[in-house]
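**Student:**
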Amino acid sequence: MLNLAALLEDGARTTPERDCLVFGDLRIDYATANMIANQVAEMLTARGIGRGDRVALASPNTPYFPFVYFGALKAGAVVVPLNVLLTPREIAFHLQDSGAKALFAFTGTPDLPLGERAFDAFNQTDSCEVYIDLPATPGATESQIEGAQTIWAALAGTTGAFATVQTEADDTAVIIYTSGTTGTPKGAELTHMNLLFNAVASDSLFDRSEHDVYLTVLPLFHIFGQTTMMNCGLYRHATLVLQARFEPEEALSLMEKEGVTVFAGVPTMYWGLLGAKGEYDMGAITANLSTAVSGGSALPGEVARNVKERFGVEVLEGYGLSETSPVVSFNNPKVKAKPGSIGRPIWGVEMKLVDSDFNEVEGEGPGEIAVRGHCNMKGYHNRPDANEQVFSDGWFRTGDIARRDEEGFYFIVDRSKDMIIRGGYNVYPRELEEVLMTHPEVSLAAVVGVEHESHGEEIKAFVIREEGAALTEEQLVEWSKERLAGYKYPRIVEFRDTLPMTATGKILKRELR
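If you want it as structure tokens, here you go:
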């Protein structure tokens with residue numbers, strides 16, 4: 001028997017008075033966080049929602065997320081985290097596809113009226129029976145949304161004493177929906193064992209301090225933040241400092257104020273920290289910050305070097321996917337790390353390179369990464385056709401192209417779907433982006449393929465210039481020609497002030513295309 005809620009319960013037993021969650025001026029200890037999760041479980045059970053039922057959760061990084069997440073797990077239910085940027089139509093799809101019986105949604109803010117969108121979606125579905133509003137003001141019992149009930153009103157009369165439902169290790173704990181970059185989003189079913197093993201294995205990769213403080217800016221509705229920050233942090237009884245939306249200046253202020261020891265982010269977050277304005281006690285920040293982790297997409301070497309110079313910490317790269325809980329490989333500093341690499345497989349996980357027919361690729365590659373181990377999902381929810389395409393003999397094919405050196409370190413070349421074929425030659429955008437980022441007047445770059453009459457695809461670079469830079473398209477093209485093969489350099493450059501990104505900070509190349 002195994003229930004992932006043990007992560008929170010253990011902290012409540014052993015460090016009950018330690019700060020578990022910090023959000024603005026709100027500080028919640030482990031005992032209180034566990035008690036509120038018990039109340040959520042009690043409330044769900046009273047409404048007939050229990051083992052195997054799906055509970056949808058749409059919330060940014062506020063204390064509500066872990067309250068509902070672990071409360072649903074305690075009740076034996078399956079959590080369905082939803083991206084807070086989804087439209088009513090998209091939310092309704094996720095509710096219907098997962099068969100969710102309950103929806104918890106954050107009220108939101110004027111610029112992000114999540115509660116209204118979620119309530120609209122709730123009213124479009126047949127499966128969802130319960131809507132609970134998560135108010136912006138903690139403790140509020142009156143909802144701003146007509147016809148909705150707040151969580152605090154729903155919890156009235158609950159005791160906070162609840163015996164956690166004993167689930168099996170292979171029971172689904174969470175359904176994480178993929179971003180849908182190649183079509184309709186698919187729900188990856190992750191088990192209690194998947195998520196617990198991944199949190200424990202991830203925790204073993206770097207040293208503990210007596211009391212770690214995690215700056216939790218990665219969205220918890222995404223598996224990267226869920227596992228490496230929330231679940232891993234609770235496993236080591238850390239304090240989670242929650243930031244609802246990543247703002248570089250606020251992040252640095254929180255690092256200084258709270259004595260943050262662990263930071264994990266996607267590459268654009270590190271880029272944001274480097275460009276942050278304001279006055280900070282960098283001595284205090286660097287004295288406490290002991291671990292910096294990057295994932296989600298490849299970290300440009302120039303950004304990694306600049307972070308090391310400014311923050312005094314090596315950014316450790318890992319690799320994973322929603323379908324793999326997520327961590328597959330990591331640069332373990334206790335053994336050996338290689339800059340630019342995604343490291344080697346973590347404990348209990350195997351990796352190999354395969355071709356388009358799933359045949360193993362020997363030597364350096366390149367090839368598509370395939371994964372086997374405790375991290376692999378049960379499968380896509382109600383998608384046997386998709387499962388047949390990605391699984392073979394326990395191996396899961398990722399869609400990511402990589403090379404491998406003689407020591408077993410893997411280096412991402414690119415996403416298979418991002419590869420550009422120009423005049424019959426394969427061009428990997430990441431290589432070009434790495435080169436463009438070394439230009440002194442380039443702040444950020446994203447490369448895509450665009451249709452071309454004779455070459456099939458042409459190479460286009462979207463570039464954010466450094467502040468005050470006067471770099472022209474012609475200058476950057478000529479500069480690139482000197483550093484890249486004739487079939488590789490970008491022929492088209494478009495300068496922009498911003499680039500479209502997901503809620504997790506990944507650049508949306510499909511929108512650029």
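All residue numbers for the sequence shown refer to full-length UniProt numbering, where the first residue is 1 and numbers rise by one.
Beta carbons: idealized from backbone N, C-alpha and C, even for Gly.
Predicted model only: the values in this text are computed from it and were never measured.
1. Shortest alpha-carbon distance to N194 belongs to which of L353, S59, E362 and L321?
2. Residue ranges of each alpha helix (DSSP H) run of no fewer than 4 residues wholly in the stretch 70-158, ordered along the chain?
3. Along the chain, where does the alpha helix (DSSP H) containing H192 start, and where does it finish?
4. Is the separation between the beta-carbon of I459 and that of V427 shorter than 8 angstroms?
5. Suppose you measure from the CA of R397 to the CA of F391; what does that come to, to the nearest Å?
6. Roughly how far, in whole angstroms, is the beta-carbon of L205 from the beta-carbon of N332, given that I think they are within contact range, below 8 angstroms?
7. Let me know the secondary structure DSSP gives F330 once reduced to three states.
8. With a cut-off of 8 angstroms, do at least 3 Cβ pairs link the stretch 240-258 to the stretch 199-217?
9. Does the distance from the C-beta atom of P267 to that of V303 stay below 8 angstroms?
10. Start and end of the beta strand (DSSP E) containing residue 517?
11. Determine whether the beta carbon atoms of G343 and F409 lie at a separation below 8 angstroms.
12. On a Cα-Cα basis, can you pick out the residue from I420, A173 and V442 that is closest to H381?
13. Look at the alpha carbon of T182 and the alpha carbon of T261, and state the distance between them as a whole number of angstroms.
14. Kindly indicate the opening and closing residues of the beta strand (DSSP E) around residue 514.
15. Using only the alpha-carbon positions, how far apart do E309 and M282 sit?
16. Reducing DSSP to helix, strand and coil, say where L44 ends up.
17. Pick out whichever of E433, G318, G160 and G348 has its Cα sitting closest to the Cα of A337.
18. Evaluate P440 with the Cβ neighbour count: other Cβ atoms within 10 Å of its Cβ, from every protein chain shown; 16 or more gives buried, anything less gives exposed.
19. Count the CB pairs spanning the stretch 93-107 and the stretch 124-143 that are closer than 8 angstroms, and state whether there are at least three.
20. Helix or strand or just coil, what does DSSP make of K488?
21. Can at least three beta-carbon pairs, one atom from the stretch 78-98 and one from the stretch 55-63, be found at a separation below 8 angstroms?
22. If you draw a straight line from the C-alpha of I285 to the C-alpha of E258, how long is it?
23. L242 and V448 - do their beta-carbons sit closer together than 8 angstroms?
24. Please name the residue in K352, T438 and T228 whose C-alpha comes closest to that of R305.
25. Mind checking which residues open and close the beta strand (DSSP E) that includes Y214?
26. Would you identify the three-state DSSP class for V335, choosing helix, strand or coil?
27. Using C-beta distances below 7 angstroms, list every residue in its chain close to L508, excluding the 5 sequence neighbours before and after it, in chain order.
28. For the pair the stretch 353-371 and the stretch 158-165, tell me if three or more CB-CB distances fall below 8 angstroms.
29. From G505 to G275, what distance separates their C-alpha atoms?
30. Tell me which residue opens and which closes the beta strand (DSSP E) that V315 is part of.
31. Using DSSP with H/G/I as helix, E/B as strand and the rest coil, what is Y177?
32. Considering just the uninterrupted stretch of the alpha helix (DSSP H) at G11, what are its terminal residues?
33. Relative to the ligand NAP, is the shortest distance from any of its heavy atoms to the C-beta of D414 smaller than 7 angstroms?
34. For L234 versus L8, is the C-beta spacing smaller than 8 angstroms?
35. Skipping 5 residues on each side, what residues in its chain have a beta carbon closer than 7 angstroms to that of K378?
36. Which residue comes first and which comes last in the beta strand (DSSP E) that contains Y410?
**Tutor:** So, from the data block:
1. What you label residue 194 is simply residue 194 of the sequence shown in a count that begins at 1. Among L353, S59, E362 and L321, the Cα nearest to that of N194 is on L321.
2. With a minimum length of 4 residues, the continuous alpha helix (DSSP H) runs that stay inside the stretch 70-158 are 88-98, 114-122 and 151-154.
3. Locating residue 192 in the sequence shown gives position 192, counting from the first residue. Unbroken alpha helix (DSSP H) run through H192: H192 to D203.
4. The residue you call residue 459 lines up with position 459 of the sequence shown. The residue you call residue 427 lines up with position 427 of the sequence shown. For I459 and V427, yes; Cβs fall inside 8 angstroms.
5. Locating residue 397 in the sequence shown gives position 397, counting from the first residue. Locating residue 391 in the sequence shown gives position 391, counting from the first residue. Each residue's Cα considered, the two are about 7 angstroms apart.
6. Position 205 of the sequence shown, counted from the start, is the residue given in the question as residue 205. Position 332 of the sequence shown, counted from the start, is the residue given in the question as residue 332. Yes, L205 and N332 are in contact; Cβ-Cβ is about 5 angstroms, under 8 angstroms.
7. Numbered from 1 along the sequence shown, position 330 holds the residue referred to as residue 330. Strand at F330.
8. These segments touch.
9. In the sequence shown, the residue the question calls residue 267 occupies position 267. In the sequence shown, the residue the question calls residue 303 occupies position 303. Yes, these two residues count as a Cβ contact at 8 angstroms.
10. A query on residue 517 cannot be resolved here, the shown segment of the chain reaching from 1 to 513 and no further.
11. One-based indexing of the sequence shown puts residue 343 at position 343. One-based indexing of the sequence shown puts residue 409 at position 409. Yes, Cβ-Cβ distance for G343 and F409 is below 8 angstroms.
12. As a working note, residue 381 is residue 381 in the sequence shown. That would be A173, whose Cα lies nearest to the Cα of H381.
13. In the sequence shown, residue 182 corresponds to position 182, counting from 1. In the sequence shown, residue 261 corresponds to position 261, counting from 1. Residue placement at T182 is flagged as unreliable, the pLDDT there being 45, under the threshold of 50; the coordinate-derived value follows with that caveat. Cα to Cα, the separation comes out at about 37 angstroms.
14. In the structure displayed, the chain extends from 1 to 513; residue 514 sits before or after that span and is not available.
15. As a working mapping, residue 309 is identified with position 309 in the sequence shown. As a working mapping, residue 282 is identified with position 282 in the sequence shown. One C-alpha to the other measures close to 12 angstroms.
16. For the purposes of this step, residue 44 is taken as the residue at position 44 of the sequence shown. Note: L44 maps to helix in three-state DSSP.
17. In the sequence shown, residue 337 corresponds to position 337, counting from 1. Nearest C-alpha to A337: G318.
18. Residue numbering aside, residue 440 sits at position 440 when the sequence shown is read from its first letter. So P440 counts as exposed.
19. yes
20. For this step, residue 488 is matched to residue 488 along the sequence shown. Reduced to three states, the DSSP call for K488 is coil.
21. yes
22. As a working mapping, residue 285 is identified with position 285 in the sequence shown. As a working mapping, residue 258 is identified with position 258 in the sequence shown. Computed Cα separation, rounded: 9 angstroms.
23. To locate residue 448, count along the sequence shown from 1; it is residue 448. To locate residue 242, count along the sequence shown from 1; it is residue 242. No, these two residues do not count as a Cβ contact at 8 angstroms.
24. By one-based count along the sequence shown, residue 305 stands at place 305. Selected option, being the one with the closest Cα: T438.
25. On the sequence shown, residue 214 is found 214 positions in, with the first residue counted as 1. Where Y214 is concerned, the enclosing beta strand (DSSP E) stretches over V213 to T216.
26. Locating residue 335 in the sequence shown gives position 335, where the first residue counts as 1. Here V335 sits in coil by DSSP.
27. Translated into the one-based positions of the sequence shown, residue 508 becomes position 508. Counting only Cβ-Cβ distances below 7 angstroms, and skipping sequence neighbours, we find P500, M501 and T502.
28. no
29. Along the sequence shown, read from residue 1 onward, the residue named residue 505 stands at position 505. Along the sequence shown, read from residue 1 onward, the residue named residue 275 stands at position 275. Taking the straight line from one Cα to the other gives about 15 angstroms.
30. Here residue 315 refers to the residue found at position 315 of the sequence shown. Looking at the DSSP string, the run of the beta strand (DSSP E) that includes V315 is V315 to G320.
31. Walking along the sequence shown from the start, residue 177 turns up at place 177. If DSSP states are grouped into helix, strand and coil, Y177 belongs with the strands.
32. As a working mapping, residue 11 is identified with position 11 in the sequence shown. It spans A6 to T14 - the alpha helix (DSSP H) in which G11 sits, taken as one unbroken run.
33. In the structure shown, the ligand NAP is absent, as is every other ligand, since no ligand is present at all.
34. Here residue 234 refers to the residue found at position 234 of the sequence shown. Here residue 8 refers to the residue found at position 8 of the sequence shown. Taking 8 angstroms as the Cβ cut-off, L234 and L8 qualify as a contacting pair.
35. For this step, residue 378 is matched to residue 378 along the sequence shown. Cβ within range, chain order: T172, E189 and T191.
36. In the sequence shown, counting from the first residue as 1, residue 410 sits at position 410. Run containing Y410: Y410 to R415, per the beta strand (DSSP E) assignment.
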